[in-house]
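Just below is one structure, and these are the notes that go with it.
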Amino acid sequence: AGVPRIVLLPGDGIGPEVMAAATEVLAAVGTFDLAEHPIGADAIRAYGVPLADRTLAACAEADAVLLGAVGAGAVGAGAVGAGAGAAGSAGAGAPHDAPRPEQGVLDLRSGLGVYANLRPVRTMPGITHLSALRTDRAADVDLVVVRELTGGIYYGPRGDVRDMPGEGVPRPAGDGPARRAVFDTCVYSADEIERVARTAFELARERARPGRPPRVTSVDKANVLTTSRLWREVVQEVADRDFGDVVLDHLLVDTAAMLLVTDPGRFDVILTENMFGDILSDETAAIIGSLGCLASASLTGLGAGGGLFEPVHGSAPDIAGKGVANPVGMILSVALMLRFGLRMAEVANAVEAAVQNALAAGTRTPDLGGDATTTQMTNAIVKSL
Ligand code: NAD
Ligand code: IPM
Ligand code: MN
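Listed below in structure tokens is the structure:
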């Protein structure tokens, strides 16, 4: 079927550093046709926009897309509304037309239509002592967050309340800073909910083992939000209609956040909407010990092939340029690309095993309590392949 064509989007901060690790691993496992393009602040510098049309077109034509991370930094703690990043990014509460690096990722996800974001979290032998949780709680975790990725509050209408559609909205008069009021909206259609629910149920079936029936926990805020009530209704309908073998339960997101750290072993597939999935998936990093270890796959369905693959972490401005970024999340994203995007499951398994071996053998970057550089960690993984 020819040499797989992969678009590489290194992005900002540690993005290029972990992307270099990914290309080392790819070179070790096969022959790939790699084409690199800018995204995020890098693309704003090159093209004036965080995702150029030609970049999206290249991604759409490729067999799979690998992304490092985007973000110029500076939208940090205490900087709400004043987040002027290197590329002039706007902070929350300061809506204006300056291009934001993160918009590149959002446009890429919607442009590719990758509505199902899989974020696996599995106990990593050899580094269980790094978990923020008690060792007995962190010992047997094997879950996947299935995050709806192209809808919800990330993509709904937003702006100044003075431009807000609809009646009965309190609209502050005047222009003074005390009058600032903005809005974001969360919109979900039944179709959007149904397709990602199907992906979660199908994934649960694939993960079932003797003694472990397929299990999905759907997470929402149905006691407050209309979108969550529709979410719960549609998820239950899909289950009743087509997935009677799957054990389905529903949790409110606040309870789910608590149970993730008190009883993570109770979860198998966690199905949730865009923003809840963003927040809960960073919480799962505490189970493993570092955000730098988590990978993700963004798909147009479980068996569809192709897709977008990126670590869960961001551009980490605090450690960028130091050569110490943990490449594991990126390398495990390569494994997910091999498995789901390119249908090379055996090679994917080998990459995952190599990561486990290198970690167990004690090669660890500073976020894992070691002193290995990104290059040393990558070399250890490549060597154990
Ligand atoms: P972050 O994930 O970049 O960093 C959070 C913390 O984790 C930092 O202390 C960082 O040093 C550490 N960390 C993250 N990845 C690491 C790695 N591979 N190795 C070692 N340590 C690692 O989150 P943030 O600081 O809140 O955000 C920084 C920028 O990244 C923001 O602009 C944000 O929008 C962006 N971001 C982008 C993506 C993406 O591209 N998909 C994801 C998350 C955040
Ligand atoms: C992630 C990131 C992104 C998100 C940002 C950078 C838009 O936090 O991939 O988890 O919120 O989806
Ligand atoms: Mn996130």
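End of the sequence shown sits at 388 in full-length UniProt numbering; the numbers just go up one at a time, nothing left out. The C-beta atom is built at its ideal place from N, Cα and C for all residues, glycine as well. This one's a predicted model, so the numbers in the text were calculated from it and none came from an experiment.
Find the nearest neighbour of residue i within the set the options, judged by alpha-carbon distance.
{"i": "Val237", "options": "Asn226, Arg218, Ala200 and Glu209", "result": "Ala200"}
{"i": "Ala135", "options": "Phe343, Thr287 and Arg342", "result": "Thr287"}
{"i": "Val190", "options": "Gly324, Met340 and Leu233", "result": "Leu233"}
{"i": "Leu228", "options": "Gly155, Asp166 and Ala375", "result": "Gly155"}
{"i": "Ser284", "options": "Val149, Arg48 and Asp36", "result": "Val149"}
{"i": "Thr188", "options": "Ala49, Ser113 and Met278", "result": "Met278"}
{"i": "Pro104", "options": "Gly74, Pro128, Met340 and Asp66", "result": "Gly74"}
{"i": "Ala353", "options": "Phe246, Val21 and Ala31", "result": "Ala31"}
{"i": "Ala307", "options": "Leu345, Gly332 and Pro320", "result": "Leu345"}
{"i": "Met333", "options": "Ile9, Val10, Val256 and Ala25", "result": "Ala25"}
{"i": "Asp257", "options": "Gln106, Val249, Asn226 and Ala142", "result": "Asn226"}
{"i": "Leu274", "options": "Leu254, His40 and Arg212", "result": "Leu254"}
{"i": "Val264", "options": "Gly324, Ser336 and Ala141", "result": "Ala141"}
{"i": "Lys325", "options": "Ala375, Leu251 and Asp245", "result": "Ala375"}
{"i": "Ile42", "options": "Phe35, Leu29, Gly71 and Gln239", "result": "Gly71"}
{"i": "Val10", "options": "Arg48, Gly51, Thr58 and Tyr50", "result": "Thr58"}
{"i": "Lys386", "options": "Val6, Leu29, Arg8 and Leu12", "result": "Leu29"}
{"i": "Glu195", "options": "Pro330, Ala119, Ala364 and Asp66", "result": "Ala119"}
{"i": "Asp248", "options": "Arg235, Met261 and Pro217", "result": "Pro217"}
{"i": "Arg112", "options": "Asn360, Glu355 and Thr303", "result": "Thr303"}
{"i": "residue 2", "options": "Asn360, Ala184, Gln239 and Arg235", "result": "Outside the modelled stretch of the chain, which goes from 4 to 388, sits residue 2, for which no answer is possible."}
{"i": "Asp266", "options": "Ala67, Asp139, Gly280 and Asp110", "result": "Asp139"}
Does ligand 3 have a heavy atom nearer than 7 Å to the CB of residue i?
{"i": "Asp281", "result": "yes"}
{"i": "Asp257", "result": "no"}
{"i": "Arg15", "result": "In the sequence as displayed, the identity of residue 15 is Asp instead of Arg. Every heavy atom of ligand 3 is 7 Å or more from the Cβ of Asp15, so no."}
{"i": "Asp45", "result": "no"}
{"i": "Asp285", "result": "yes"}
What I want to know is whether the C-beta of residue i ends up closer than 7 Å to one or more non-hydrogen atoms of ligand 1.
{"i": "Leu12", "result": "no"}
So is the beta-carbon of residue i under 7 Å away from any non-hydrogen atom of ligand 2?
{"i": "Leu109", "result": "yes"}
Taking the CB atoms as reference points, tell me whether residue i and residue j lie closer together than 8 Å.
{"i": "Val124", "j": "Ile290", "result": "yes"}
{"i": "Asp243", "j": "Glu276", "result": "no"}
{"i": "Val144", "j": "Arg122", "result": "no"}
{"i": "Asp15", "j": "Ala44", "result": "yes"}
{"i": "Val358", "j": "Ile322", "result": "no"}
{"i": "Thr381", "j": "Gly373", "result": "no"}
{"i": "Leu362", "j": "Val350", "result": "no"}
{"i": "Leu69", "j": "Phe312", "result": "yes"}
{"i": "Pro175", "j": "Arg182", "result": "yes"}
{"i": "Pro369", "j": "Val315", "result": "no"}
{"i": "Phe186", "j": "Val241", "result": "no"}
{"i": "Leu115", "j": "Ala63", "result": "yes"}
{"i": "Met127", "j": "Cys296", "result": "yes"}
{"i": "Ala319", "j": "Gly310", "result": "no"}
{"i": "Ala207", "j": "Gly107", "result": "no"}
{"i": "Thr377", "j": "Glu27", "result": "no"}
{"i": "Thr202", "j": "Leu305", "result": "yes"}
{"i": "Asp36", "j": "Pro7", "result": "yes"}
{"i": "Leu251", "j": "Ser221", "result": "yes"}
{"i": "Leu388", "j": "Leu133", "result": "no"}
{"i": "residue 1", "j": "Arg210", "result": "The question about residue 1 has no answer, for the chain in this structure spans 4 to 388."}
{"i": "Pro53", "j": "Pro102", "result": "yes"}
{"i": "Ala23", "j": "His40", "result": "no"}
{"i": "Glu197", "j": "Gly280", "result": "no"}
- Message: Suppose only complete runs of 3+ residues qualify. What are the beta strand (DSSP E) ranges in the region 13 to 45, listed by chain order?
- Response: The DSSP assignment places 36 to 39 as complete runs of the beta strand (DSSP E) inside the region 13 to 45, in order along the chain (cut-off: 3 residues).
- Message: Going residue by residue through the region 128 to 174, where are the continuous alpha helix (DSSP H) segments of at least 4 residues, counting only ones entirely within it?
- Response: For the region 128 to 174, whole alpha helix (DSSP H) runs of length 4 or above, ordered along the chain, are 138 to 141.
- Query: Can you list, in chain order, the stretches of the beta strand (DSSP E) that have 3 or more residues and sit fully within the region 201 to 280?
  - Reply: Runs found: 218 to 223, 250 to 255 and 272 to 275.
- For ligand 1, residues whose Cβ lies under 5 Å from any non-hydrogen atom: Here the list is Ala72, Val73, Gly74, Glu105, Leu294, Gly295, His316, Gly317, Ser318, Ala319, Asp321, Ile322, Ala328, Asn329 and Asp370.
- Message: What ranges does the beta strand (DSSP E) occupy inside the region 303 to 365, keeping only unbroken runs of at least 3 residues that lie completely in it?
- Response: Whole beta strand (DSSP E) segments, 3+ residues: 311 to 314.
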